[in-house]
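Q: Below is a structure I'd like to ask you about.
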Amino acid sequence: MARRRIFMDAVIIPFDRTSRAHADAERQALDQSATDIETIDDDIFVIPESERRALEETMEHLKNPKVKKPKDALVLDLNKFVARLVANNISLEPYQVDLEPDIKECTVTRDFMSKTYGGSTQDTCPSVAAKFWRNTHLRNFMYLNLILNPQAPERPGAPGLLFNAIPSGYNDADLSAFDKAYEAYKDFRKSRQQKKGNHVAVKAEVKVEDEEERKINEDKTKILFSRLDANEWHYQGQYIRRPAPNLTLEEWKQQKLEVRKLWASKLKDNVWGRTLRANITLRRRLGRKPTGAEMNDALYDFADGFLGVTQDRILAAFNSGQAVIQVSTLQCVAYKADFQRNLAEKFPLYEPEPKADKETKAAARKGTAKPAKTVAGQKRKRVVVEDDSEDQDDNDSGDETAEGQVYRHRGTRSRPIVL
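This is the structure in structure tokens:
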């Protein structure tokens, strides 16, 4: 009997290898039983019409009505969202969480988490001091703002996607090296702030990993919190992050102009956009894509924040494919009910420190330096300042610290930096 020809709607998502930009150790720790994501460009993902309605209802159930996020946000439609989950064998059904609703829905502030469990109130994945994690045995925190990550989990146990901006055309080793440079740059800025505020030199410590620290480092799951609203961060569970196909150029251009401008605006001033700004600067200076070694040389020049890159140049980089939105899947693999109970018990008793006035904060950062004098008739120069807030869009806690001025390296006469 002749075979019938079947026609159906389908979505083909090409895979860009640069999306696999996680550190080598983290990638090796991922579950290798998942579908080989590099073969997704040969497959056709189809959501049968009979299943679409059920999936749409599930998606609606995964939304949290308490979440406040802009209408104009980077989102993928149902087909493309589910296709990336399926590529990593992730179901749209959430991880089962058995906990009393009033405890499960309890939210906390970043200030409380910082004072209780360590880490800054600004970083997405903050470094936690040993004095905290040796006591709590918790360190791998991840805090996601749903403004730039609107398809991150909104309810405990729900799957989601994580977005990031990276320069295109680099292999895993290069991107991993760029990540290390980013972490080193953040450490440099932190030590620089401490020197200004305390007037003491911050000595580099030789870190010797003991057995307890080694075990914590081997745990690659993230303790994920999502921001529901100002001063409201919700524990979602223990999550594994896996690489997924990047946004294609077509998917990027399908986003609203306001969405693309939002990303460009954030990347222009924020610390987490420095790698992309460096790449754009070097491309312009060299007239070609910089090598991984050239990128590293630039990234380890901590005096340069590459703040001369405009929003229009960042948009042009995305529109030409020189920059891409990296996508990762987020899968809940466990939920620490005792941890959430602890949060629900401790947070109502927490009393935050009173906010210091702006003048006191400024004096502490600048070392009580006197303001610079201006010459009569001369306009004050605009100081370009790098925003340290990562993807936080509001002052979630009174402990957030405004960033001081960053010196921008201008090069020499023989080797000027072209911006």
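Each residue of the sequence shown is one higher than the one before, starting from 1 at the first, in the UniProt record's numbering. In this text, a Cβ means the ideal position worked out from N, Cα and C, and glycines have one as well. All figures in this text were calculated on a predicted structure; none of them were measured in a lab.
Per DSSP, which residues does L282 bridge with? Please list them.
A: Note: L282 sits in no beta bridge, so no partner.
Q: Would you check if there are 3 or more beta carbon pairs closer than 8 Å linking the stretch 306-323 to the stretch 275-288?
A: With a cut-off of 8 Å, the stretch 275-288 and the stretch 306-323 count as touching, because enough Cβ pairs lie within range.
Q: Determine the contact status of Q327 and S168, defining contact as a CB-CB distance below 9 Å.
A: According to the sequence as given, residue 327 is Val; it is not Gln. No, Cβ-Cβ distance for V327 and S168 is not below 9 Å.
Q: So, using beta-carbon positions, are P159 and L92 closer together than 9 Å?
A: Going by C-beta atoms, P159 is nearer than 9 Å to L92.
Q: For V82 and L262, I'd like the C-alpha separation in whole angstroms.
A: Computed Cα separation, rounded: 25 Å.
Q: In angstroms, rounded to a whole number, what distance separates the CA positions of L55 and V67?
A: Looking at the two C-alpha atoms, the distance is approximately 21 Å.
Q: Does the separation of the CB atoms of K346 and G237 fall below 9 Å?
A: No. Outside cutoff.
Q: May I ask you to report which of helix, strand or coil DSSP gives A244?
A: Correct three-state label for A244: strand.
Q: Can you tell me where the beta strand (DSSP E) holding G273 begins and where it ends?
A: Note, G273: premise wrong, no beta strand (DSSP E); not H, not E.
Q: Work out the CA separation of P348 and L162 for me, nearest whole Å.
A: Their backbone Cα atoms lie some 30 Å apart in a straight line.
Q: Output needed for T291: all residues of its chain with C-beta closer than 8 Å, excluding positions within five of it in sequence on either side, in chain order.
A: Once the five neighbours on either side are set aside, T291 has no close Cβ partner at all.
Q: Taking the alpha-carbon positions, what's the E57 to N79 distance?
A: Roughly 14 Å between the two C-alpha positions.
Q: Report the option in L249, R241, T107 and L146 whose CA atom is closest to the CA atom of N140.
A: Looking at the Cα atoms, R241 is the closest of the given residues.
Q: Hey, would you say T281 sits closer than 9 Å to N88, going by beta carbons?
A: No, the pair does not count as a contact, with Cβ atoms beyond the cut-off.
Q: Mark A165 as exposed unless 16 or more other C-beta atoms lie within 10 angstroms of its C-beta, in which case mark it buried.
A: A165 is buried by the Cβ-count criterion.
Q: Check whether the Cβ atoms of Y95 and G157 lie closer than 9 Å to each other.
A: For Y95 and G157, yes; Cβs fall inside 9 Å.
Q: Going by CA-CA distance only, name the one from A244, R260 and Y143 that's closest to K222.
A: When only C-alpha atoms are compared, the closest one is Y143.
Q: Cβ of L146 within 9 Å of Cβ of K69?
A: Yes, Cβ-Cβ distance for L146 and K69 is below 9 Å.
Q: Considering only their Cβ atoms, is the gap separating I90 from Q331 smaller than 9 Å?
A: Yes.
Q: Mind pulling the alpha helix (DSSP H) runs of 4 or more residues that sit fully within the stretch 76-126?
A: List check, alpha helix (DSSP H) in window: 78-86, 101-104 and 110-117.
Q: Sort K63, H61 and A73 by Cα distance to V259 and report the nearest one.
A: Cα-wise, what sits closest to V259 is A73.
Q: Tell me the residue span of the beta strand (DSSP E) that contains Q254.
A: Per DSSP, Q254 belongs to no beta strand (DSSP E); it is in the alpha helix (DSSP H), L249 to Q254.
Q: Any idea what DSSP makes of D297, helix, strand or coil?
A: Note: D297 maps to helix in three-state DSSP.
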